[in-house]
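Protein chains in written order, with numbering that gives the first Met the number 0: chain A, 0 to 303; chain B, 0 to 93; chain C, 0 to 204; chain D, 0 to 535. Idealized CB from N, CA, C, for every residue including glycine.
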Amino acid sequence: MFSNASNFVNGVDSAFLIITGISVFFLVALTAAMIYFVVKYNRKKGKPAVQIKDNSLLEITWIVIPMLLVLYMFYIGWEGFLPMREVPKDAIEITAVGSMWKYEFIYPGNKSSDTLMVPLNKAVKVNLASKDVLHGFSVPGFRIKEDMVPQKNNYSWFTAGELGDFDVYCTVYCGVSHSYMNSIIRVVTPADYDKWLKALPVKKADNSLGLKVLEKNGCIACHTLDGTKSVGPTFKGLHGATIDVTTAGANRKLTVDDAYLESSITDPNKDIVTGYPPGVMKSYKGIIKDKDIKLINEYLKTLK
Amino acid sequence: MANNTTHTIEYRTLSKILLVLLFLTFVTIGVTSFHLGPFTVTVALLIAGLKSFLVLSNFMHLKYESLLLRILVAMVFVLFVVIVLITFIDYAYR
Amino acid sequence: MSEKAIHVEEHRDDEASKLGMWLFIFTELLLFGGLFLVYSIFRAQYPTEFHQSSLELSVTIGAINTVVLLFSSMTVAMALTAIQKNDQKRALIFIGITLFCAAAFLFNKYFEWGHKIEHGLYPGSDLMPLLDRGHLLYFSLYFFMTGLHALHIIIGMTLLIVCYFKVKSKNINDHDYVLLENGALYWHLVDLIWIFLFPLMYLIS
Amino acid sequence: MSNSTEKIEYVSYLDYQGKYKGFLSWIMATDHKRIGLLYMYSIMTFFFIGAFFGLLMKIEMLSPGETIMKPQTYNGVFTLHGILMIFMVVIPGLSAVFGNFFLPILIGAKDVAFPKLNRFSWWIFIVGSIMAVASQLLKDGPPDTGWTFYAPYSSQTGTNVIMATAAAFVLGFSSILTGLNFIVTIHQMRAPGMRFFNMPLFPWALYATAWIQLLATPIIGITLLMLIAERMFQIGFFDPALGGDPLLFQHLFWIYSHPAVYVMMLPAMGVITEIIPTFCQRQIYGYKAVAISSLAIAGVGFLVWGHHMYTSGMSDQARWFFSLLTFIVAVPSAIKVFNWITTMYNGSIDVKPPFLYALAFIFLFIIGGTTGLLLGSVATNVQVHDTSFVVAHFHYIIFGGMGFAFFAAIHYWLPKMYGRMYNFKIANIALVINFIGFNLLYFPQFIIGVEGMPRRYFDYPAQFQPMQVISSIGGFILVAGLILMVFNLVKGAKSGPVAPSNPWNGSTLEWTLPATPSLENFDEEPVIKENPYDYK
Ligand code: HEA
Ligand code: HEA
Ligand code: CUA
Ligand SMILES: [Cu+2]
C-alpha cells in the first residue's frame, strides 16, 4: 500500500494513517456535535435550558475509551519505531560526519564522498558524528531521522527498496547556512555500488599543518580557499591584502598582517569586514591555541 | 491584633536537635572514610535526608504546621526525585 | 462598614506571608535541584574522576563550615523563640551570632576558593582545559554550586540584617514577627542545601 | 452589620485616584485590576511586534532563496519571534492579564494576597522585556539560536545570547512571582463559604497553572544561568568541546518548557470553561472532572518532556517511556473537550462573539492536540520532528488555542473591564476572517511538514513553494482580521455603548459587580453559591 523506499515506510505510514484516522474521526464527530447543538438548542428557538445532572457512567466511558485508544496509538507507534533501533548484523557501516553546513560520508578504507551512495536491498548502518554543533540527519523519503551530536555515537540504519535519489536535510538548527546543509542518498544496484566504491579515491592526506587546524575547527565552513565569497571572506590572497573594516562603528582601511589575523580569530567582532554581519563568527579565544594560530597564519601566507 | 499561630519551640529542644545534627555530620564523615563501596553514597544521602528532615520539621517548624503545607513540602521533594529518576531512564540505558 | 474598609487597608495575614515564603523556598529548592540533577548525571558518568577531584578539597574546612551552618541554623531558630517570648535582648544576640557564623562561613569559603585559585584551578584558567572531562566537570560544578550557595548566604545575611534592625526598633515584636520567621526560614534553606552539598562535594568515594 | 452613615461611595477602579495621579497612578498601582490591564497593554504590544516578525518570515518564504532578507537576519527574526511570543506573550498571557483581573473577583476577594509583589512582577516583566529587545540592538547582533537555545550552538555563536538568556531568566522570575501570588491568594483569600469544590473553574485552572510556574520555572532559570556561565567563564556543562553534554541541556530545557506549554494552555481552557456555561445557560457538565483534569494535566505534564528529544539519541527505554506518558497526558484534555461539548446539550445557546470564539477555539485545539498525538508517537515523530509539521502543531495549539481563547476572553469580559460594549457584527466578521486566514496560514505547513520541509529554514527546495505561498496569503488574511478585531475592541472600549453590569446573564461573581468594579471589588461580603454555575 505504501511506497517501498525503505523498510520503515510501512510501519511509520500505517501508524500515521491510524492516528490520523482516529483524530479525524474525533474532529469530525465533535465538530458535528457542536454545530448540531448550536442549531438545535439555539436560544432563538425559545426553549429554556435544561439542567442535567452529571452521569458518572458516561464520564467513566469517555475516560476509559480514549485511554484505550491512546494506549493503542502508543503501541503502534512503538511498533513502527522499534525496528529502527535493531540493526542487522551484516549491515554495511558508513560514517556520516556533519560539520557546519555539509555532510561527509566516510566509507570503509577511509574513502570519502559528499553524497551517500548505497546499494539496493542491503542494510546500511549510518554512524552519525558531528564536528562542531548539533546537526540532523533526516531522510524524509526513508522516514528516518536522528541527530548528529558531537562526541556521541548516534546511529541510524535502513534498507533502501527503490532505486533513485532521496533528499537528506539537516533538521537541527546549526547556524547561518542551516538551510543549505543538505545532501542526497543515491540508491544504486549492488553492482554499480561496488564499481563506484572502487573508483572512490582514498581521502588524500593533508600536508599542511595549518590546513589541518582550519579543518579541525570548521573554518572552511565559512571561508573558502579558492577565492569565492561564502559566509565569511575568502582566505585566498588574504594575507597582505588591504581591506575595509568597521572598528567600533568607524570605517577604516587596513593591511592584513599576523596581528590582525590573530585578533580576527580571537576577537572577530572587533573589526568587522565591510559587507559581512557581526556576530556570525564566534571568538576562538582559548579554543585555538596560540601555536595553532601561528600555523594558520603560515598557511594563509601560502594562499596567494 | 495578634495574628501569629507559630508554635514556640524551647531553647532546650533546639539545642538537642543541634546535637543530633552534629552527631549525624560526624557519622557521615566517619562512614565515608570506611570503604563501603557503592553504598557510601546511599548512606551519605540517607543521612543527609535524615538531617534535612530534622531541620525541616524542627528548625523550620514544619512539625507544627498545617497538614496541607507538610504535604506540599513532601510533594516538592517527591517531584524532584521523580524528575531525577526519569532523567536516569535515559542516562542509565545509553 | 467603614471599620471594615480600614481593616482592609491594614490587612495583615501572617499565614499568607508564611505560605508565600514557603512557596519561594520551593522554587529555590528546585533551582538547586536542577544543579543536583546535573551533578548526579555527571557523577554517574565519571565516578572515579569525581572521587579523585574531591580529594583536592579539604574535608576539615568543609566539616567546619557544616558545623558553623548547623549552629547558625539553631541560633536563628532560637532568635525566633526569644521574640515569641518577648525577649528582645536575647533575640538580638541570637541574630548577631547567626550573622557572625554566616560571615565565618564566607571567610572559610574565601580561603578555600583562594587556595584553589592560587593553584590555577578556576573557570577560565589555563590549567582547567588541560584536565580531563571528569575532573573538569567536577571543578566546574564545584565552583558553580558553592558559588551560587555563597550568593544565597549573602542574600540570607542581608535579610537577617534587616531583621536585626527591625527587632531593635521593635518593629518586630512578640505580636508581629512574621518577617523574622521568614528570614529564619530562608536561612534554614541555605543550611538545608549545604547539608546535601557537603557530602556530595567533599565526601565522595 | 450596622448601617454606618459613611457608606463607601462607589468609584470605578478606572477613576479611582490614590496617592499617584495620571500615568504614575497606573505604573504604581497595586490594584489587581489595573495591573491586569497593564499586562494586557504590554502583552498586546509584544504580540504585535512578534506577529510582525512572523509576517516578515512569511514574506521571506514566498519564494525560495533570498526574498527580503539575508539568512542571518532570518535566523534572528525567528529567534526573536519565538522568544517574544513564548516568554513575553503566551506564558504570562492569560494568567497575568485575566488571572490578575478576575481571579480575586471570582473567589470573592478584594485583591491578590500580595498586591505589591504583584506590581513588582509587572515591573520585572517589563525589565526582562526591555532586555529581550536590547539583545536585538546590541553590538554583536541579534541572537540566532531559536527560542530553544540549544547547546552547543548557543554557547558558541558570537551573537548576544547572554542578553537574551538573561532576559528569559528575568521573565521567568516574574512568572514565578505571579504563580506564587496566585497560589497564596487561592489558599488564603477565598470568601467565606467558598470551598475548593465550589470555586469557579477559571481559578481552578489558574491554580494548576501557578503550580507549574512555581515548580518548573526555577529549572529553566538554573539552566540559563549555567549557559551564561559557560559562555562567560568557559565552564563546560553543555558544550562537548568543554567537556559538557548537549543532551543534558535539552533535558533541562524541556523539563521546564514542556510544563510551560501547559502554563499557556490551562488558563485558556479555564476561560473556555467559563464562557460555555454562560452562553448555554447551563451548568458545566462534570464540574469535578474538569477541575481535576486541570491538576492531572499539570501533574503528568511534568513527566513527559522527553517527547521533544526522540531523535536526539536518548536511550530507547526513555523513548518509549516518554511516548507512553505523552499519550496519557492527552486524555485529560480530551475529557475537557467532551465536557464542554456536552454542556451545550439541551442548553439555551446564545451565539454571541465570545461563544463563537470559544467554538473556534475548540475546533482549532482539537486539530492542534491531535497532531500532538502524531508527534507523540515515536514512529511518526521520527518523520515529522523538526519539520514545519511541528511549527503548524504549536501554532494551532498556541495561537489557535491560547490565542483564540485570549480573544474570547477579551470579548467576554470587556464590558466588565471597561463598562462598554463593542459592535457584535464587526466582531463576528473579524472572527470569520481570522478563522479562514488562520487555517490557510498553518494547514499547508502540516502538509509540507509531512513531506519533509525542515523548520528554521531560510531557504527551501522549490517543490514546497505552492504551499508556502498559500500559507503566506493566509498570513495576510489573518492580519486583516486581527486589525479589524482590535479596531473594534478599541473603539468599543473607548466609545461603545455603556454596558449593563451583566450583559450575558452570567452566574459567577464578577457579574454581580457594577459594570466597572470599584477599587476593592466587593463592598459587602459576597454571597457564595453552592454551585458557581447555577442558572436558576
Ligand atoms: C500551548 C501549548 C501546547 C500544548 C497545549 C501542547 C500539547 C501537546 N503537545 Fe505540543 N508543542 C508545543 C506547544 C504545545 N503542545 C510547542 C510550542 C512545541 C514545539 C517546541 C519547539 O520545538 O519549538 C510542541 C511540540 C510538541 C512535540 C515535539 C515535536 C518535535 O519537536 O518532534 C510533541 C511530541 O510529542 C508534542 C505533543 C503534544 C501533545 C501530545 C499535546 C497534548 O497535550 C494535546 C492534548 C489535546 C488533545 C488530544 C485534543 C483534544 C482531544 C480530543 C479531541 C479527543 C480525541 C483524543 C483522543 C482520543 C486522545 N508537542
Ligand atoms: C504565541 C505564539 C505565537 C504566535 C501567535 C505566532 C504567530 C505567527 N507565527 Fe510563529 N512561532 C512561535 C510562536 C508564535 N507564532 C514560536 C514559539 C516559534 C518557534 C521559533 C523557533 O523556531 O525558535 C514560531 C515560529 C514561526 C515560524 C517558523 C520559522 C521557521 O522554523 O523557519 C513561522 C514561519 O512562518 C512563524 C510564523 C508566524 C506567523 C505568520 C504568525 C501570525 O499568526 C501572526 C499574524 C498576526 C499578525 C501579523 C498581526 C499583525 C497586526 C498588526 C501589525 C496590526 C497592529 C495593529 C494595531 C495595534 C491596530 N512562526
Ligand atoms: Cu546542520 Cu542544521
Ligand atoms: Cu512538549
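For residue j and residue i, believed in contact at Cβ under 8 Å, the rounded distance
i      : j      : result
T507/D : Y12/D  : With 8 Å as the limit, T507/D and Y12/D do not qualify as a contact, their Cβ atoms being about 18 Å apart.
A122/A : T158/A : 5 Å
G480/D : N520/D : Their Cβ separation, rounded to whole angstroms, is 34 Å, which puts G480/D and N520/D out of contact at 8 Å.
V69/A  : V526/D : Contact flag wrong, Cβ pair sits at about 42 Å.
I242/A : V279/A : In fact, because the Cβ distance is near 17 Å, the residues do not count as touching under 8 Å.
K303/A : G236/A : 6 Å
I85/B  : S314/D : Their Cβ separation, rounded to whole angstroms, is 12 Å, which puts I85/B and S314/D out of contact at 8 Å.
S72/C  : D190/C : 4 Å
A492/D : L430/D : With 8 Å as the limit, A492/D and L430/D do not qualify as a contact, their Cβ atoms being about 18 Å apart.
Residue from the options whose Cα sits closest to the Cα of residue i
i      : options                           : result
V96/D  : P460/D, G448/D, S517/D and I409/D : I409/D
F388/D : Q444/D, N345/D, A429/D and S311/D : Q444/D
F442/D : D385/D, V449/D, A391/D and V350/D : A391/D
I275/D : T222/D, Y356/D, T216/D and L518/D : Y356/D
V377/D : S98/A, L81/A and T254/A           : L81/A
T156/D : Y172/A, K211/A, R185/A and I51/A  : Y172/A
G178/D : F148/D, P217/D, A498/D and V160/D : P217/D
L372/D : Y35/A, Y74/A and V37/A            : Y74/A
F354/D : P499/D, D30/D, M420/D and W503/D  : W503/D
M60/D  : Q212/D, G35/D and G473/D          : G473/D
N427/D : N487/D, G418/D, M231/D and A498/D : N487/D
L210/A : E78/A, N109/A, I292/A and A4/A    : I292/A
S129/A : E161/A, V96/A and V117/A          : V96/A
Reduced DSSP secondary structure (H/G/I, E/B, other) of residue i
i      : result
I184/A : strand
V140/A : Here residue 140/A turns out to be Gly, not Val, going by the sequence shown. Three-state result, G140/A: helix.
N153/A : strand
G298/D : helix
S62/D  : coil
L20/B  : helix
N54/A  : coil
S1/C   : With a pLDDT of 35 at S1/C, under the threshold of 50, the modelled position of that residue is not reliable, and the figure given next carries that caveat. If DSSP states are grouped into helix, strand and coil, S1/C belongs with the helices.
S387/D : helix
K43/A  : helix
A14/A  : helix
R419/D : strand
D13/C  : helix
N2/B   : Residue placement at N2/B is poorly supported in this model, since its pLDDT is 49, which falls under 50; the coordinates are not used for a value here.
M33/A  : helix
G163/A : strand
Continuous alpha helix (DSSP H) stretch holding residue i: start and end
i      : result
G235/D : Counting along the chain, G235/D falls outside any alpha helix (DSSP H), and DSSP gives it neither H nor E.
G367/D : P352 to G375
F196/D : Careful: F196/D lies outside any alpha helix (DSSP H) and carries neither H nor E.
Enclosing beta strand (DSSP E) for residue i [first to last residue]
i      : result
E85/A  : Neither: E85/A is in no beta strand (DSSP E) and is coded neither H nor E.
K101/A : K101 to Y106
I271/A : D270 to V272
R251/A : A249 to T254
A128/A : A122 to S129
L246/D : From DSSP, L246/D is part of no beta strand (DSSP E) but of the alpha helix (DSSP H) over P245 to C279.
- Flag this pair as touching only if the stretch 138-156 of chain D and the stretch 68-85 of chain D have three or more C-beta atom pairs under 8 Å; answer yes or no. These segments touch.
- Query: Does the stretch 253-265 of chain A come close enough to the stretch 133-151 of chain A that 3 or more CB-CB pairs lie under 8 Å?
  - Reply: no
- Taking three-plus beta-carbon pairs below 8 Å as touching, is the stretch 335-342 of chain D in contact with the stretch 175-190 of chain A? no
- Task: Decide yes or no for the touch test of the stretch 284-295 of chain D against the stretch 238-251 of chain D: beta carbon pairs closer than 8 Å, at least 3 of them.
- Result: no
- Message: Closer than 8 Å is the cut-off here; do at least three beta carbon pairs connect the stretch 41-50 of chain B with the stretch 273-287 of chain D?
- Response: no
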